[in-house]
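As structure tokens, the structure follows; a few thoughts come after it.
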Amino acid sequence: MQQWNEIVGAEAVREENGVTVLAPANEEQVAAVLQRCSQEGLSVTATGGGTKLNWGNAVDAKVRLETAQLTGVREHSWQDLTATVGAGTTWAELQRELSKHGQRVALDPLFAERATVGGVLSANDCGLLRMRYGGLRDLVIGMTIVLADGTIARTGGKVVKNVAGYDLPKLLTGSFGTLGVITEATFRLHPLQKHTASFTVRSGDVAPLADLMHALATAGMSLEAMQLRNEPDAFVLDVQFAAVLEALADHEQRLRTLAGTLPVQSCEGDMYSARDSLFAIEGATVLKLTTLPTKLAALVAGFAQLAAMGAAAVAVADPAGVVTVAVTAQAEGLINIVEDLRARLAGVGGSVVVLQRGALPLDVDPWNDAAHLPPALDVVRAIKQEFDPARLLNPGRFVGGL
215 MQQWNEIVGA EAVREENGVT VLAPANEEQV AAVLQRCSQE GLSVTATGGG
265 TKLNWGNAVD AKVRLETAQL TGVREHSWQD LTATVGAGTT WAELQRELSK
315 HGQRVALDPL FAERATVGGV LSANDCGLLR MRYGGLRDLV IGMTIVLADG
365 TIARTGGKVV KNVAGYDLPK LLTGSFGTLG VITEATFRLH PLQKHTASFT
415 VRSGDVAPLA DLMHALATAG MSLEAMQLRN EPDAFVLDVQ FAAVLEALAD
465 HEQRLRTLAG TLPVQSCEGD MYSARDSLFA IEGATVLKLT TLPTKLAALV
515 AGFAQLAAMG AAAVAVADPA GVVTVAVTAQ AEGLINIVED LRARLAGVGG
565 SVVVLQRGAL PLDVDPWNDA AHLPPALDVV RAIKQEFDPA RLLNPGRFVG
615 GL
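All the letters of the sequence shown, read from the start, carry residue numbers 215 to 616 under the working numbering.
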């Protein structure tokens, strides 16, 4: 314990179930910790709000770094539409601070009140706003990371248009902490939308909603977000526009015209909470599916057939072909469902990732089974070897046991 006390201070060190837990106050302390771990061959995991600890394989690390002290908006160039923030800052706190200047990072990740910037980046958790503003890899323009050997690396820049070396922020985003510990990130910002209007369209058949979703996406309106989801007795398309008031009235009329005989209702609720609610379904196994946008409707419609297998599924899908689905079933049924989905989606270049295990047995790989590993896995292994040759950072958590 003494060695850690000297690096981060005694008040930032504790033991939990045989794991040394450290809460460094800055990048230099993170670097010193990782340097010591590298020298002694100690495996390390970094955590923020703990909202996605179950994503990926379980990690048996000897040291856990908590980013709780790496917080705050460190620089906000509101005139340049950029902000730099500590990785331990919660997503909601970041947005509240930026909103004081009428700005935001235009993304809606899960569990915003608890999820931290570093965790959101590591898991590449985007949301519905990706359709209009792009994903995390489009909006993160700079990053400070600490490598496995304790080297502090600053990559990218603090302006929207920069050509400062390799675009490592894109590589680190979605790497699940296996390449380095993110301590700071710089984002491209967008103005807050002053006026929005949300609507729901219901149908007993998913096909008309899929056609409507495609029509809206190509209609040239100020579309903020869309999601397709299922209910016990219907399918629902949620639509949100963001524009000046005069345009919103026009958009509503055009939506009703495109919807034809389908009922369109104004919606005052928060459509962005639908994904979060899936994780609260008792005993549910939550999966993230990716498929071609053209295959989205058939995939969502297929969940209605699970009732014949003694299962139930609630799905939320976005137009890009990303589906989050909560499935409740017995263990054997879950195994069959996951295997069937992986076989079907592999044929169109899709994937099935387990986000919340529920009753799904531990021997089912959360990323993919051996028959459906991604073709670029050798490249990913080579990158891991370059960044972390001793495999000390989140060992085994990522796809292929990386």
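C-beta atoms are modelled at their ideal positions from N, C-alpha and C, and glycine is treated no differently.
By the 10 Å Cβ neighbour count, where 16 or more other Cβ atoms means buried, how is residue i classified, buried or exposed?
i	result
M215	exposed
G418	exposed
H409	exposed
S487	exposed
V541	buried
W305	buried
G316	exposed
P603	exposed
A494	exposed
G572	buried
L350	buried
S389	buried
L559	buried
A326	buried
D339	buried
Alpha carbon to alpha carbon, how far is residue i from residue j?
i	j	result
S252	V258	9 Å
V235	I551	38 Å
L430	L437	8 Å
L574	V277	28 Å
G391	S565	21 Å
N231	E280	16 Å
D484	N219	45 Å
G394	P580	22 Å
L587	V594	12 Å
Q599	R605	8 Å
T344	D352	In the sequence as displayed, the identity of residue 344 is Arg instead of Thr. Roughly 9 Å separates the two Cα atoms.
P589	I396	27 Å
A260	A473	47 Å
M440	I549	30 Å
V233	D452	45 Å
R310	L267	25 Å
Q293	H404	11 Å
A329	S291	24 Å
V420	T432	19 Å
L503	R443	14 Å
G561	T387	26 Å
Q544	E553	14 Å
E225	L423	56 Å
A318	Q407	Before going further, note that residue 318 is Arg rather than Ala in the sequence given. Roughly 9 Å between the two C-alpha positions.
L382	R368	9 Å
V450	G434	22 Å
R288	V415	42 Å
R346	H465	16 Å
P446	E460	36 Å
L227	L312	Correcting the residue identity first, residue 227 is Val in this sequence and not Leu. In a straight line, the C-alpha of V227 is about 32 Å away from that of L312.
D490	Q570	12 Å
K455	E482	Reading the sequence as shown, one finds Phe at residue 455 and not Lys. So the alpha carbons of these two residues sit roughly 13 Å apart.
G547	D577	15 Å
I597	G615	14 Å
Measure the Cβ-Cβ separation of residue i and residue j and say whether it is below 9 Å.
i	j	result
F413	V478	yes
A320	T358	no
A531	L520	no
V568	L591	no
N214	A275	With the chain covering 215 to 616 only, the question about residue 214 has no answer from this structure.
G348	G370	no
V514	A529	yes
Q249	D363	yes
A237	Q283	yes
R556	N271	no
T265	L324	yes
F401	T505	no
D322	L342	yes
L385	L426	no
V539	L492	yes
V331	G262	yes
L462	A518	no
I366	E241	yes
Assess, as a yes-or-no matter, whether the segment 491-500 is touched by the segment 460-476 under the definition of 3 or more beta carbon pairs within less than 8 Å. Fewer than three Cβ pairs drawn from the segment 460-476 and the segment 491-500 lie within less than 8 Å of each other, which leaves the two stretches out of contact.
For the pair the segment 323-337 and the segment 287-303, tell me if three or more CB-CB distances fall below 8 Å. They touch, by the three-pair rule.
Would you check if the segment 504-511 and the segment 530-538 touch, i.e. whether three or more CB-CB distances between them fall below 8 Å? These segments touch.
What are the uninterrupted segments assigned as beta strand (DSSP E) that are 3 or more residues long and contained completely in the segment 298-364, given in chain order? Listed in chain order, the complete beta strand (DSSP E) runs (minimum 3 residues) inside the segment 298-364 are 354-360.
In chain order, each beta strand (DSSP E) run of at least 3 residues that lies wholly inside the segment 428-454: Secondary structure remark: continuous beta strand (DSSP E) runs of at least 3 residues inside the segment 428-454, in chain order: 437-445.
Which complete alpha helix (DSSP H) runs does the segment 510-573 hold, if anything under 4 residues is left out? Those alpha helix (DSSP H) runs which fall completely within the segment 510-573 and span 4+ residues are 510-516, 545-560.
Hey, which unbroken runs of the beta strand (DSSP E) at 3 residues or more fall wholly within the segment 467-500? DSSP runs (the beta strand (DSSP E)) wholly in the segment 467-500: 478-480.
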